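Chains as they are written, first to last, in the numbering used here: chain R, 262 to 409; chain F, 2 to 415. Ideal Cβ positions, reconstructed from N, Cα and C, are used throughout, including at glycine. Please read all numbers here as calculations on a predicted model, not as lab measurements. Here the structure is laid out as structure tokens; the discussion comes afterwards.
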Amino acid sequence: MSLQGNDKRGIRELGAEEKVGWDEVTQGVVLNSFVGESENSAFLKAEERNYNDFNSYTATVASWRIIKPVYNRDICIDCQNCWVWCPDTSIISRDKQMLGIDYDHCKGCGVCVEVCPTNPKSLLMFNETIENEDALAGWPVKEKKEKK
Amino acid sequence: MAEKFELNEVEVWDGNYAASQALRQAQIDVVAAYPITPSTPIVEGYGAYVANGFVDGEFVMVESEHAAMSGCVGAAAAGGRVATATSSQGFALMVEVLYQASGMRLPIVLTVVNRALASPLNVRGDHSDMYLGRDSGWIQIDAFNSQEAYDLPLCAFKIGEDMSVRLPVMVHQDGFTTSHKAQNVNPLQDDVAYNFIGDYVPVDEMLDFTRPVTHGAQTEEDWHYEHKAKQHKALMDSRSVIDKVFAEFKELTGREYKRVETYMMEDAEVAIVILGSSVETAVLAAKQIREEEGLKVGIIAPRCIRPFPYDLIRDAIDDASNLKAICCMDKSAPGGAMGMLFNEVSAAAYTTDTRPFITNYIYGLGGRDFAIDEVKRIMKEQKAHIDAGHITTNIQQFSGLRGPKLGFYETRRS
Chain R
262 MSLQGNDKRG
272 IRELGAEEKV
282 GWDEVTQGVV
292 LNSFVGESEN
302 SAFLKAEERN
312 YNDFNSYTAT
322 VASWRIIKPV
332 YNRDICIDCQ
342 NCWVWCPDTS
352 IISRDKQMLG
362 IDYDHCKGCG
372 VCVEVCPTNP
382 KSLLMFNETI
392 ENEDALAGWP
402 VKEKKEKK
Chain F
2 MAEKFELNEV
12 EVWDGNYAAS
22 QALRQAQIDV
32 VAAYPITPST
42 PIVEGYGAYV
52 ANGFVDGEFV
62 MVESEHAAMS
72 GCVGAAAAGG
82 RVATATSSQG
92 FALMVEVLYQ
102 ASGMRLPIVL
112 TVVNRALASP
122 LNVRGDHSDM
132 YLGRDSGWIQ
142 IDAFNSQEAY
152 DLPLCAFKIG
162 EDMSVRLPVM
172 VHQDGFTTSH
182 KAQNVNPLQD
192 DVAYNFIGDY
202 VPVDEMLDFT
212 RPVTHGAQTE
222 EDWHYEHKAK
232 QHKALMDSRS
242 VIDKVFAEFK
252 ELTGREYKRV
262 ETYMMEDAEV
272 AIVILGSSVE
282 TAVLAAKQIR
292 EEEGLKVGII
302 APRCIRPFPY
312 DLIRDAIDDA
322 SNLKAICCMD
332 KSAPGGAMGM
342 LFNEVSAAAY
352 TTDTRPFITN
362 YIYGLGGRDF
372 AIDEVKRIMK
382 EQKAHIDAGH
392 ITTNIQQFSG
402 LRGPKLGFYE
412 TRRS
């Protein structure tokens, strides 16, 4: 998902950065988060920040994942539970509205599915090889409560 | 604003008190410390200065030495001047974080009061902890008495914080023989000492919100090697900065320090290489044996353990044209090898034209006394090697050890 044309999210594989010699590496393995000064970065959305090549935002680790969460907009109630619980800040939400999954950084842990309160769930885990359209087409229906 | 401390021209201080006064005068931002014998009075004294208004910085009491050095790393990465003190088992517990501090290029000052490592548990002074730190990437400077235990921390801040160095620095002194021995010390007044060190200038500090940085990143085989090489070069190149700071200190105080101290080496036939408070014992023995026996003995005392002064050791050997035998004295259990000084000095000597005999003595472990008569016996033994034309004993021997004579390896050099 690219929210803006200049978004640098996951633009290359982790480890594909340019390799430099010992004389050019940073002192003390310091990694600058942004290119140049960035006084107001806390007030900018991720896709608006000028992330440095050595910030993990610009690297994709999608290949680490074997199962993925698929998001169903038709059922979601925008409760933000998944956004709060995701350990990799891989739930993209703007103005309290859920937009989708950051598949460049999601590791497929499934926490978002566990904490989703809707019936049926608005997020479900699928094998990485299944297309999202196919997953959505076969989405389960609401489970009825058993009568006493 | 911190209160000034009134100091006399000459004070009677032990090594611990001298070090704590130096730390106070540096106006450190954060000291995170955990007490351990025999270095406890350094941070105890520092804590009193904080409580009595002589220091503006923070004093953090932590739950272990690992936490103490971790707190120091955090505070230094945040952008503050940072120091602490430890000994022995506490030093051992810090080791993991010592490597972090040097790799992160944080100019922390650690005053180490040297003490033996268990087992058996022992609180007395030997150089086991100092030796344990020698691959940690820190600059290691050794004080031989109380005056130096005061002077060298002042130099340590200035060396480590130099923009071309930015490495942590240990200042060592011997447990009890230096740390608890009161001697005359000429301190600097607070302003003079502080101005010598200068204001702390942070680099890539985490509290600079205009330029957010990550400290302590993980790197694997694709980056780690380059970073370690860059770090090693900075440590090797720190030699010139150490020399420069020592020269500036001499200009200010008249007290001269060198990365290798030499005594009576000009005409020496025999040299003793030795560290710490034992240097003064060896110098006294050399003076006596020159008078008593006419045996020309000189002393080589590395002030700097890391970066090891191969350059100045070679100079000391080359410049002594009569030198025929060197005895390297290591006050640390060698753990299946020759002592550290033997190994380093042999490596330095091997690439000179003069090839003196080199032998190794282990001595003083766990604070075992090292008396002048024993030093003189060792000096005479070196003379016997020279007269015989070969090393007449085992290459590694043990001084002051009860039981049958213990030694390892004979020379194969004819």
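Neighbours of F/Val214 in chain R, taken as residues at a C-beta separation under 7 Å, are given in chain order as Val291, Leu292, Asn293 and Ser294.
The DSSP assignment places 191–198 as complete runs of the alpha helix (DSSP H) inside the segment 158–243 of chain F, in order along the chain (cut-off: 4 residues). Rounded to whole angstroms, the separation of the alpha carbons of F/Lys5 and F/Glu292 is 48 Å.
Using beta-carbon distances, F/Ala79 does not count as an interface residue toward chain R, since no partner is under 8 Å. Taking the beta carbon of R/Val286 as reference, the chain F residues within 8 Å of it are Trp224, Glu227, His228 and Lys231, listed in sequence order.
Close partners of R/Lys280 in chain F (Cβ separation under 7 Å): Asp223.
Per the coordinates, the alpha-carbon of F/Lys381 lies some 14 Å from the alpha-carbon of F/Leu324. Under the 8 Å Cβ criterion, the segment 217–225 of chain F does not count as touching the segment 133–143 of chain F, having fewer than three qualifying pairs. When the beta-carbon positions are compared, F/Gly126 and F/Gly176 come within less than 8 Å of each other. In the three-state reduction of the DSSP assignment, R/Leu360 falls in the strand class, which pools E and B. Per DSSP, the beta bridge partners of F/Cys329 are F/Val274 and F/Asn361. The Cβ atoms of F/Asn344 and F/Gln397 do not sit closer than 8 Å to each other.
The secondary-structure analysis by DSSP pairs R/Lys329 across a beta bridge with R/Phe387. Residue burial is scored here from C-beta neighbours: F/Trp14 has at least 16 other C-beta atoms within 10 angstroms and is therefore classed as buried.
In terms of CA proximity to F/Phe210, R/Gly297 leads the group R/Gly297, R/Val281, R/Asp395 and R/Arg273. Three or more Cβ pairs closer than 8 Å define a contact, and the segment 381–390 of chain R falls short of that threshold against the segment 156–172 of chain F.
In the DSSP annotation of this structure, the continuous segment of the beta strand (DSSP E) that includes F/Val83 starts and ends at Val83 to Thr87.
Contact with chain F is absent for R/Glu274, since none of that chain's Cβ atoms lies less than 8 Å from the residue's Cβ. Flagged as an interface residue toward chain R: F/Ala218, by a C-beta distance shorter than 8 Å. Its Cα nearest to that of F/Glu375, the residue F/Ala287 stands out among F/Ala287, F/Gly299 and F/Lys297. Close CB contacts of F/Asn395 within its chain, under the 7 Å cut and outside five residues either way in sequence, are with Gly408, Phe409, Tyr410 and Glu411 (chain order). For R/Ile352, the secondary structure class from DSSP, reduced to helix, strand or coil, is strand.
R/Ser354 places its beta carbon 8 Å or farther from that of R/Asp363. DSSP places F/Val114 in no alpha helix (DSSP H) but in the uninterrupted beta strand (DSSP E) bounded by Val110 to Asn115.
Scanning chain R for C-beta atoms nearer than 8 Å to the C-beta of F/Thr211 yields Glu298, Ser299 and Glu300, reported in chain order.
For R/Ala323, the CB contacts under 6 Å within the same chain, skipping 5 residues up- and downstream, are Tyr364 and Asp365 in chain order.
Using beta-carbon distances, R/Trp283 counts as an interface residue toward chain F, with a partner under 8 Å.
Around F/Gly72, no beta-carbon contact reaches into chain R at under 7 Å, the shortest distance being about 18 Å.
DSSP places F/Asp319 inside the alpha helix (DSSP H), whose first and last residues are Tyr311 to Asp320.
Against chain R, the CB of F/Met105 has a partner CB under 8 Å away; the residue lies at that interface. For the pair F/Phe247 and F/Lys259, the Cα-to-Cα distance works out to about 7 Å. Just measuring C-alpha positions, the residue of F/Gln289, F/Ser347, F/Pro405 and F/Leu107 sitting nearest F/Ala372 is F/Gln289. Just measuring C-alpha positions, the residue of F/Glu66, F/Met171, F/Ile43 and F/Ala20 sitting nearest F/Asp152 is F/Ala20. When the beta-carbon positions are compared, F/Gly58 and F/Val32 come within less than 8 Å of each other. Of R/Lys408, R/Thr390, R/Pro348 and R/Ser294, the smallest CA-CA separation from R/Arg310 is found for R/Ser294. By the neighbour-count criterion, in which a residue is buried when 16 or more other Cβ atoms sit within 10 angstroms of its Cβ, F/Val193 is exposed.
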